[in-house]
Amino acid sequence: MKTVIFVFSFALAGLFVNAQDLVTKNGVIYDKDGHPYSGEIITSDKNGVKESEAEISSGKFNGEITYYYMSGAIMETGMFLAGIKHGPWVHFNEEGKKVSFGNYSNGKKEGKWIMWDEKGVKRYEMNYREGEKTGTWYNWDTNGNLVKTTQYGNNLK
Numbered sequence: 000m001k002t003v004i005f006v007f008s009f010a011l012a013g014l015f016v017n018a019q020d021l022v023t024k025n026g027v028i029y030d031k032d033g034h035p036y037s038g039e040i041i042t043s044d045k046n047g048v049k050e051s052e053a054e055i056s057s058g059k060f061n062g063e064i065t066y067y068y069m070s071g072a073i074m075e076t077g078m079f080l081a082g083i084k085h086g087p088w089v090h091f092n093e094e095g096k097k098v099s100f101g102n103y104s105n106g107k108k109e110g111k112w113i114m115w116d117e118k119g120v121k122r123y124e125m126n127y128r129e130g131e132k133t134g135t136w137y138n139w140d141t142n143g144n145l146v147k148t149t150q151y152g153n154n155l156k
């Protein structure tokens, strides 16, 4: 069983590339032979600690991207479509608690965005339409009591 796992892990190693082996020109990521890169990319700091991993297609971020704290804990996950933020994005604290959530559509904030404090208390609820503030925004104090509402849109705020 150990041999199978080792062989499988060794085979997978060829599917990943380090960012140092790639070049970015005009927003497109190229491999060392000058072709737009497709595959997974892993970035690390100078000490070899993983900072991020992402999927690349035809030289553009496409699919899931994950950022890491120095401890190895996940900091943020999100989605790209052809190099543009598109889909859900979630930010975590170093202990793994979700501290913010929102969506992008074609690179612009879209829909409900929520932020929690370190204790898990919802602090903000915001709404966006095509990247613009819209609707009612809510702000709660550290005890979860609503302290402020603000209206956006229709020439408000």
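Under numbering that gives the first Met the number 0, the letters of the sequence shown match residues 0 to 156, in that order. Glycine included, each C-beta is placed from N, C-alpha and C at the ideal position. The model shown is predicted, which means the values in this text are computed figures rather than measured ones.
The Cβ-Cβ distance between Glu129 and Ile113 does not fall below 8 Å. Remark: C-beta atoms of Lys111 and Trp139 do not approach each other more closely than 8 Å. Bridge pairing for Gly110: Tyr127 [DSSP]. Of all alpha-carbon atoms in Val48, Ser104, Gly119 and Glu39, the one lying nearest the alpha-carbon of Lys97 is that of Gly119. Contact between Gly82 and Gly33 is ruled out by a C-beta separation of about 18 Å, above the 8 Å threshold.
For Glu75, the closest alpha carbon among the candidates Gly38, Asp30, Gln150 and Glu52 is that of Glu52.
Per DSSP, Met69 is not a residue of any beta strand (DSSP E), being assigned neither H nor E. Secondary structure note for Val120: it is in no beta strand (DSSP E), with a DSSP letter that is neither H nor E. By the beta-carbon neighbour count (other beta carbons within 10 angstroms, threshold 16), Asn61 is buried. Lys147 counts as exposed, since fewer than 16 other C-beta atoms from the protein chains shown sit within 10 angstroms of its C-beta.
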